[in-house]
Each structure stands twice: as C-alpha cells, then as structure tokens.
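Right, one structure below, let's go through it.
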Amino acid sequence: MLIAGAGPVGLTAAANLVRRGVPVTVLEAGAALSRESRASTFHPPTLDMLADLGAADALIAQGLTAPRFQYRSKRHGIIGEFDFVGLADATRHPHRLQSEQLNLTRILYEALRANPLFQMRFHSAVAAVDQSAAGVAVTIERAGRRETRTGRWLIGADGARSDVRRSLGIAFAGFTWPERFLVVSTPFDFYSVIPGLASVTYVADPERWHFLLQIPELWRVMFPIAPAESDELALTPAFAQALLATIVPGVSDYQIAHTTLYRVHQRVAETFRLGRAFLAGDAAHINNPLGGMGMNGGIHDAMNLTERLAAVWHGRAGDEELDRYDRQRRLVTLEYIEKQSIRNKRNLESDGTAFMAELREIAADAGRTRDYLERVSMIASLRRAEQLG
Ligand SMILES: Cc1cc2nc3c(=O)[nH]c(=O)nc-3n(C[C@H](O)[C@H](O)[C@H](O)COP(=O)(O)OP(=O)(O)OC[C@H]3O[C@@H](n4cnc5c(N)ncnc54)[C@H](O)[C@@H]3O)c2cc1C
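Okay, so the sequence shown: first residue is 136 according to my numbering, each after it adds one.
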C-alpha cells in the first residue's frame, strides 16, 4: 500500500493499516516531518480513534485538556458556554485536546518506524500517478531523479495542493475567502485579565472577531485580515500589537512568539476515489479552521478508508466496500464540515445578538444541548457516515 504524505492524515492511515497487518510505504516530499504550527485541536471521537492506535496517551500528556468552550461577543460579553462532559456516555474522551499536530505526527512516526510492515521515504515527492486494473504506479522525484514505485492501492494524503489529486485530474471545487487569517501566539496570561475565560473562546464582532485558544505555554489568537490590508502590513509586529490591544482595553505591549498569515478556502474534491487511488484529509477537502474540523475530519477519513482497505487486502470484503469510503466521507464533509465551518465564521462576524438567542435556546433544552455537543464534537458526522451504509 502506498501513501503520499506524512502529515497527520497519512501517518494515521499508515498506523491503522500496519495495525491491521497491511504493509505500507509512506512517500513524503519533505526531508523530515513538518514542523509547521497548524492544527492544535483534537475532538473527542478523534482521540478515541487515536487511543485505538495507541497514540492518545502520549498526545494527551503533551497537550492541554479542554472540556469547556465559550462564546462571547464584544457587544454582549459571554453569550454561551458548553461542556463536553455532557458527552461522557458517547466517548472515552469527553473533552477537546489542545496539542499541536506536529506532536501527533512525531508520536505516530516513532511508534511505526521499527515495524517491519512500515517504510518511510523522505525526499520523495509524488509527481504523477498511473493505474491499471492490477495496481498503481507512482512517479517520485528523489534527489533530482525520477523513480517509479508500484503498489496495489494509493492514498493521496499530500495536503491541500495535492499532486496526487492533480495527477488524477480530480476537480477541487469551492472558493477562497477574500480575507486571510492571522494567528498571533503569545505567552501572555489572558486568565489574569479576562474573568471567567475558557481555554477555547470565540469572540464575535462585525468589525474584527477573534478566537482565543490556549496550548501548553502559549495562547494562539486568530484574527481576520481584510482584503485591503496587505500581507506585508499584517505581518508587521506593530500590526499584531494593535490587534492584540483590541482584546482587553488597557492591555497592550504583548510578548509575541510567532505570527502566521494564511489564506482560507472551502473546497471539496469531486470524488474521493478514482480506481485504486483515494484522497484523504486536506487533499480531499479544506475548510476554514473555525471549529477545528480540518485535521480531525482528515483523521476520520483515514480511519474510515483504512478499515475498508485492510478488509479488502485480507480478502474479507470486495472492491465495492471501497466505494463506501467516497459515499460516506464526501457526503459528511459537505453536510457537516463545510457547512458548520461556514456557519461558525458567519456567527463570529455578527454582533452576537441573534447568535446569543440561538445559544440560549440550545442551552435551555437538554435534547438540543446534546445534539449541539454531538455536532461540534463531530460525533454526529461519524454517526451520519455510518448510517449512509
Ligand atoms: C493555521 C492553521 C490552523 C489550523 N487549525 C486546525 C485545528 O485546530 N483543527 C483542525 O482539525 N484543523 C486545523 N487546521 C487544518 C489542518 O492543519 C489540516 O487539515 C491538516 O494539516 C491536514 O492534514 P493532512 O495530513 O491532510 O495534510 P498536511 O498536514 O498538509 O500534510 C501533507 C504532507 O504531504 C507532504 N506532501 C505534499 N506534497 C507531496 C507530494 N507531492 N508527495 C509526497 N508528499 C507530499 C507534505 O510535505 C506534508 O508532510 C489548521 C490549518 C492551519 C493552516
């Protein structure tokens, strides 16, 4: 089995295949695992899956457990607060985990590297994919030379700009938001100046919303950057300081650890399967990061697909089993991940009045609270996928 990309999705897929006795070669373009600071939220069912792979305990030890999340608006203050403890009967991990995705890739890689069923090839960018009824052949660019590798199936987990997707000619329809998002990390202690703050807090505002998220040692604060504000301006320390100064009146001059500016898209591949090749994670779908569903959804793809591939590999299921992956994961990506992330962004762009009314109605009704928690924790999307058969 070939996997393009050693991000969280490619390595989760590898870990589950190896656990099921399927030999795997991971082809990674980079010289080493990525050190980029990106996703930092793991949802309850994702932690359950990672526990099955033996990776959750180490990840939890390196992260911060967050049972509570909060919504505020600049106009109304706290407008809603929820606690995942209400899901204790539906998950072994009734909390979010705040830990960087680079911790997960290292944990998975360390656990896999000595396994004889696992091979990792760094400096191996997949450039082209060919397939026949019997297998796939990928062309790799390695140290300026082209090599071919063959396998029975290929998982393209090579990120948003997926060369596997491009080589297969699969369209990636959707759109790019006009604004970019800026993430500013600071060791500042926001608890000391914001009473009642939760470690995951969304603050709505029509002019400039922000999102506060604590990880070990730092807070990450995300802001939208308007089209008229250039990348150069947004990346100046003075600009980041001016944004941070809007969080708590009178508090300014923050210590800044990092700033990252990035474009935000909503796109879904027209199919997640073409013959013997599959797309998973960002190669298959991308969304804005509000709600923390991109990497989580990708890990859910990886688990769904590799359970089926392992069954087919061992002769326990036929090829039609693999179509279920596209049917289930593509639909829930459209119905849940894309819709919910767009809704989260719209709510934050409001002054919070209608959002507050909605959150209060949800909080006042135990059944609606439960449904809401299942939706934001992504449990509902997994259940829906199963129902699709
Ligand atoms: C700032 C930021 C914050 C985010 N926050 C969250 C969050 O809190 N929660 C969440 O769920 N998601 C979040 N996301 C999204 C999340 O980072 C992605 O969904 C996640 O990284 C997808 O994992 P992946 O393995 O599919 O792809 P990637 O992490 O992009 O990994 C792809 C891998 O493939 C390799 N590669 C690329 N091209 C090739 C090739 N041709 N051949 C071989 N290898 C190749 C790359 O080097 C890389 O190692 C965030 C994203 C950003 C940018």
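The beta-carbon is built from N, C-alpha and C at its ideal position, and this holds for glycine as well.
Less than 7 Å separating the beta-carbons of residue i and residue j?
| i | j | result |
| --- | --- | --- |
| glutamine 475 | alanine 520 | no |
| alanine 404 | alanine 437 | no |
| leucine 194 | leucine 239 | yes |
| leucine 396 | arginine 296 | no |
| threonine 181 | asparagine 431 | yes |
| serine 516 | tyrosine 471 | yes |
| leucine 162 | serine 259 | yes |
| asparagine 250 | valine 153 | yes |
| valine 338 | serine 302 | no |
| glycine 286 | valine 271 | yes |
| alanine 186 | phenylalanine 257 | no |
| valine 157 | alanine 375 | no |
| leucine 347 | threonine 336 | yes |
| arginine 300 | alanine 418 | yes |
| leucine 317 | alanine 369 | yes |
| valine 447 | glutamate 455 | no |
Could you tell me the alpha carbon to alpha carbon distance between residue i and residue j, rounded to whole angstroms?
| i | j | result |
| --- | --- | --- |
| threonine 274 | glutamate 282 | 6 Å |
| alanine 191 | threonine 226 | 13 Å |
| leucine 146 | arginine 210 | 43 Å |
| leucine 289 | glutamate 367 | 40 Å |
| arginine 131 | leucine 332 | Absent from the model: residue 131. The displayed extent of the chain is 136 to 524, so no value can be given. |
| valine 245 | glutamine 522 | Per the sequence shown, residue 245 should be read as glutamate rather than valine. C-alpha separation (whole angstroms): 35 Å. |
| glycine 433 | valine 144 | 6 Å |
| alanine 412 | valine 383 | 50 Å |
| alanine 392 | tyrosine 326 | 18 Å |
| aspartate 298 | threonine 406 | 15 Å |
| arginine 510 | isoleucine 305 | 29 Å |
| glutamate 276 | arginine 503 | 52 Å |
| arginine 408 | proline 372 | 44 Å |
| methionine 491 | alanine 501 | 17 Å |
| phenylalanine 253 | leucine 188 | 15 Å |
| alanine 278 | serine 169 | 19 Å |
| threonine 394 | serine 172 | 10 Å |
| tyrosine 389 | proline 341 | 24 Å |
| valine 458 | glycine 212 | Residue 458 is actually aspartate in this sequence, not valine. Cα-Cα distance, rounded: 47 Å. |
| valine 328 | alanine 489 | 27 Å |
| aspartate 224 | alanine 308 | 38 Å |
Go ahead and label residue i buried or exposed: buried means 16 or more other beta carbons lie within 10 angstroms of its beta carbon, across all protein chains shown.
| i | result |
| --- | --- |
| alanine 141 | buried |
| proline 362 | exposed |
| leucine 469 | exposed |
| serine 267 | exposed |
| glycine 426 | buried |
| serine 387 | exposed |
| glycine 429 | buried |
| serine 334 | buried |
| alanine 148 | buried |
| alanine 377 | exposed |
| aspartate 506 | exposed |
| phenylalanine 310 | exposed |
| valine 261 | buried |
| histidine 230 | buried |
| histidine 449 | exposed |
| valine 467 | buried |
| arginine 280 | exposed |
| glutamine 349 | buried |
| proline 330 | exposed |
| proline 202 | buried |
| arginine 465 | buried |
My guess is that residue i and residue j are in contact by the Cβ rule of under 8 Å, so how many angstroms apart are they, rounded?
| i | j | result |
| --- | --- | --- |
| alanine 498 | aspartate 293 | Actually they are not in contact, since the Cβ atoms of alanine 498 and aspartate 293 sit about 42 Å apart, beyond 8 Å. |
| glutamine 401 | glutamate 473 | 6 Å |
| tryptophan 344 | glutamate 484 | 6 Å |
| tyrosine 460 | arginine 443 | 6 Å |
| glycine 533 | isoleucine 214 | This structure cannot speak to residue 533, because the chain is shown only from 136 to 524. |
| leucine 243 | alanine 164 | So it is not a contact: roughly 18 Å between Cβ atoms. |
| phenylalanine 219 | leucine 508 | 6 Å |
- Taking contact to mean at least 3 C-beta pairs separated by less than 8 Å, is the region 231-240 in contact with the region 195-215? yes
- Query: Within the chosen definition, does the region 201-215 reach the region 350-359 through at least 3 CB pairs nearer than 8 Å?
  - Reply: no
- Query: Just checking, does the region 174-182 make contact with the region 307-321 on the three C-beta pairs under 8 Å criterion?
  - Reply: no
- Message: Any contact between the region 470-488 and the region 416-428? By contact I mean 3 or more CB pairs, one from each, below 8 Å.
- Response: yes
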